[in-house]
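J.: If you count by the numbering used here, then the sequence shown holds residues 494 to 817, one letter each, in order. All C-beta atoms in this analysis are idealised placements derived from N, C-alpha and C, irrespective of residue type, glycine included.
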Amino acid sequence: MTLSLTTATQMWGPAVFIVFFVGAIVIVIQAFHFLQFLWFYLFEPSSVRSYLHGPAPYALVTGATDGIGKAVAQELFAKGFNLIIHGRNEAKIQKVVEELKAQGRGDIRYFIADATKSGYNFDQLLEPFHDLHITIVIHNVGGNYMNEGKIDDYSAAELVELVNWNVTFHLLLTRALLPQLRTTAVHGPVIVEFVGSQVADGPMPSMVVYAATKAFLRILARGLNTEERFWGTPSGVRFAYLAVGGVSSAGNPLTVSATQPTAADFGKALVEKIGSSRWNYAPYLPHAIMGSVASWFSDSMVDRFVLGLTKQMHEDRQKKRLHS
C-alpha cells in the first residue's frame, strides 16, 4: 500500500513545521547570545571609574606582591584609586609599595597574612582600615601545589593549606569587610570580585582540589549577590566571579601568546571590566572565546582534552628538570 503525495504532506506537514519552528527559535537564541557576547567584550563601556566616588576611594587587592594581583593594583592606582594591598612577605610588599609610589600620587596601605594558614582574627587584620572608603575588593590570592599524584598523595596538612589559600581566606575576609562595604555602598557602587579559574569547568589531574575551590568561589559570588538583595534593604554591594585561563607571570611562567597573556596585559583587561553587566565572566577576550567553545562539547570530550593537556604539561616539566 502506497501513500499519495497529498496524504504524506498532510501527515508530515505539522512535523516539518514544528522542526522548522524549533530550529528557528534555537538560531534566534544563539544569535542573541552571540550579539550579547560581542556587546559585552567589544562595545560595553567600562564602569571602573564609577567606583571613584567619595573623598578618597580605596581598592583592596589580595595577593598583590606579584603576578595578576600586582598588575591589577598598578592599574587601579593609575586610574586614581588609593590602595590597600595584601601579601605574606613584608619585604616584597614594601618593594611593591615603593614601585607604586614612584608611578604617581595616592595613599597605599598594606597588611601581611599568609593565606595558607588559619587562625587569623580578620577583624583585627582590617582594623587599621575600618574608616576607609573601600569601593573595590579583588580577591586574587590563591595557588596550587602541582604534585604529580592523586589526592591521597597529598598530606592532610597540604589539603588544608590549599583550602585556606583559595577559599577560607577569601570567605572570612569578605565576612569581616561586609559591614564596612555596606556603609560605603550608601554613597555609590561597591563590588567584590573573586579571581577564579577555567579549570573549575574542566578539572585537571593534580589540580582537582584547586578546581573545586574555584567552583566554590563561583557559587559564593552568586549566592552573596542573592543574599544581599534578600535580607533587609538591598545593600548595593555586588559580587563577581572571574573565570581566568592561562596567564604568564613570575610564579607561573608560560609561553606568552594570544591565549596566555602577560600578567600586565591581563591586569589591564581585568580592571577595564570591573563593574560590568555580568556577575560570572572571563575578563580576557581570548579566554572567553575558549570557554565558549569548550561549552559546546560534552563533559567526556572536555575531560579527554584536559587529560591530554595535563600529560603534555607534566612532560614539559620533566624536560625542564632534566635541563636545569
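Using DSSP bridges, identify the partner residues of Glu651.
T.: On the sequence shown, position 158 is the one that residue 651 refers to. DSSP output for Glu651 lists no bridge partner at all.
J.: Counting pairs of Cβ atoms below 8 Å between the region 669-679 and the region 723-733, do you hit three or more?
T.: Touching, per the Cβ criterion.
J.: Can you tell me whether His680 is helix, strand or coil according to DSSP?
T.: By one-based count along the sequence shown, residue 680 stands at place 187. Of the three classes helix, strand and coil, the one that applies to His680 here is coil, per DSSP.
J.: With DSSP as the reference, please indicate the residues paired to Glu830 in a beta bridge.
T.: Only positions 494 to 817 of the chain appear in the structure, and residue 830 is not among them; the question remains open.
J.: Comparing alpha-carbon positions, which option in Ser699, Phe662 and Gly744 lies nearest Leu710?
T.: Within the sequence shown, residue 710 is the residue found at index 217, counting from 1. Taking only the C-alpha atoms, the option nearest Leu710 is Phe662.
J.: Return helix, strand or coil for Ala552, following the three-state DSSP convention.
T.: Start at 1 with the first residue of the sequence shown, and residue 552 comes out as number 59. Note: Ala552 maps to strand in three-state DSSP.
J.: Should Pro507 go down as buried or exposed, given a rule of 16 or more other Cβ atoms within 10 Å for buried?
T.: Within the sequence shown, numbered from 1, the residue matching residue 507 stands at position 14. Flag for Pro507 reads exposed.
J.: Which whole runs of the alpha helix (DSSP H) in the region 772-809 are 4 residues long or more, in chain order?
T.: Entirely contained in the region 772-809, the alpha helix (DSSP H) runs reaching 4 residues are, in chain order, 778-787.
J.: Once the 5 residues before and after Thr460 are set aside, which same chain residues still bring their CB inside 7 Å of it?
T.: No answer is possible for residue 460: the residues shown for the chain start at 494 and end at 817.
J.: DSSP on Asn659, reduced to helix/strand/coil?
T.: Reading the sequence shown from its first residue, position 166 is the one you call residue 659. Here Asn659 sits in helix by DSSP.
J.: Verify whether the separation of the beta carbon atoms of Gly599 and Ser742 is less than 8 Å.
T.: The count along the sequence shown starts at 1 and reaches residue 599 at position 106. The count along the sequence shown starts at 1 and reaches residue 742 at position 249. In this structure, Ser742 does not lie closer than 8 Å to Gly599 by Cβ.
J.: If you check the beta carbons only, do Val554 and His526 fall under 8 Å apart?
T.: Residue 554 sits at position 61 when you count from the first residue of the sequence shown. Residue 526 sits at position 33 when you count from the first residue of the sequence shown. No, the Cβ-Cβ distance between Val554 and His526 is not below 8 Å.
J.: Can you check DSSP and say which residues form a bridge with Lys632?
T.: As a position in the sequence shown, residue 632 is number 139, starting the count at 1. As written in the sequence, residue 632 is His, which differs from the Lys given in the question. Answer is Phe687.
J.: Give the DSSP bridge partners of Arg731, in chain order.
T.: Here residue 731 refers to the residue found at position 238 of the sequence shown. DSSP output for Arg731 lists Ile684 as bridge partner(s).
J.: Ordered along the chain, which non-local residues of its own chain (more than five positions away) have a Cβ less than 7 Å from that of Met700?
T.: As a first step, residue 700 is located in the sequence shown; it is residue number 207 there, counting from the start. Within the same chain, Met700 has close Cβ partners Asn637 and Val692.
J.: Alpha carbon to alpha carbon, how far is Glu591 from Val565? Give it in angstroms, no decimals.
T.: Start at 1 with the first residue of the sequence shown, and residue 565 comes out as number 72. Start at 1 with the first residue of the sequence shown, and residue 591 comes out as number 98. The alpha-carbon atoms of Val565 and Glu591 are separated by roughly 16 Å.
J.: Would DSSP call Tyr613 helix, strand or coil?
T.: Sequence index remark: in the sequence shown, residue 613 carries index 120 (1-based). In the structure shown, Tyr613 sits in coil (DSSP, three-state: anything other than H, G, I, E or B).
J.: If I measure Cβ to Cβ from Leu619 and keep anything under 7 Å in the same chain, skipping five residues before and after, which residues do I get?
T.: Position 126 of the sequence shown holds residue 619. Contacts found: Ala669 and Leu670.
J.: DSSP state of His526, grouped into three classes?
T.: For the purposes of this step, residue 526 is taken as residue 33 along the sequence shown, with counting starting at 1. Helix at His526.
J.: Nearest CA to the CA of Thr628: which residue from Tyr544, Phe536, Gly738 and Gly768?
T.: Within the sequence shown, the letter at position 135 stands for residue 628. Of Tyr544, Phe536, Gly738 and Gly768, the residue nearest in Cα terms is Tyr544.
J.: Ordered along the chain, which non-local residues of its own chain (more than five positions away) have a Cβ less than 8 Å from that of Gly744?
T.: Locating residue 744 in the sequence shown gives position 251, counting from the first residue. For Gly744, where only same-chain residues beyond five positions count, the Cβ hits under 8 Å are Asp559, Gly560 and Gly636.
J.: What is the rounded straight-line gap between the Cα of Ser690 and the Cα of Asn659?
T.: Taking the sequence shown and counting its residues from 1, one reaches residue 690 at position 197. Taking the sequence shown and counting its residues from 1, one reaches residue 659 at position 166. Roughly 11 Å separates the two Cα atoms.
J.: Considering just the uninterrupted stretch of the beta strand (DSSP E) at Gly580, what are its terminal residues?
T.: Along the sequence shown, one-based indexing puts residue 580 at 87. Asn575 to Gly580 is the span of the beta strand (DSSP E), which, as asked, contains Gly580.
J.: Based on DSSP bridge pairs, tell me the residues matched to Ser741.
T.: Within the sequence shown, residue 741 is the residue found at index 248, counting from 1. DSSP output for Ser741 lists Thr755 as bridge partner(s).
J.: Using C-beta distances below 6 Å, list every residue in its chain close to Ser788, excluding the 5 sequence neighbours before and after it, in chain order.
T.: Position 295 of the sequence shown, counting from 1, holds the residue named residue 788. So the list is empty, once near-sequence residues are dropped.
J.: Can you tell me whether Thr737 is buried or exposed? The criterion is at least 16 other CB atoms within 10 Å of its CB, across all chains shown.
T.: In the sequence shown, residue 737 corresponds to position 244, counting from 1. A small fix is needed here, since residue 737 is Val in this sequence, not Thr. So Val737 counts as buried.
J.: Would you call Gln567 buried or exposed, if buried means 16 or more other Cβ atoms sit within 10 Å of its Cβ?
T.: Counting from 1 along the sequence shown, the entry for residue 567 is found at position 74. By the 10 Å Cβ count, Gln567 comes out buried.
J.: Please name the residue in Leu576, Glu537, Leu535 and Trp532 whose C-alpha comes closest to that of Tyr551.
T.: Counting from 1 along the sequence shown, the entry for residue 551 is found at position 58. It is Leu576 whose Cα lies nearest to the Cα of Tyr551.
J.: Taking 7 Å as the cut-off, is the C-beta of Arg542 nearer than that to any heavy atom in the ligand NAD?
T.: In the structure on display, the ligand NAD does not appear, and there are no ligands present to speak of.
J.: To the nearest angstrom, report how far apart Met494 and Ile518 are at their CA atoms.
T.: The residue given as residue 494 occupies position 1 in the sequence shown. The residue given as residue 518 occupies position 25 in the sequence shown. Only weak support exists for where Met494 lies, its pLDDT of 48 falling under 50; the value from the coordinates is given anyway. Near 37 Å, if we compare the C-alpha coordinates of Ile518 and Met494.
J.: Kindly indicate which three-state DSSP category Ile767 falls into: helix, strand or coil?
T.: If you number the sequence shown from 1, residue 767 lands on position 274. DSSP places Ile767 in coil when its eight states are reduced to three.
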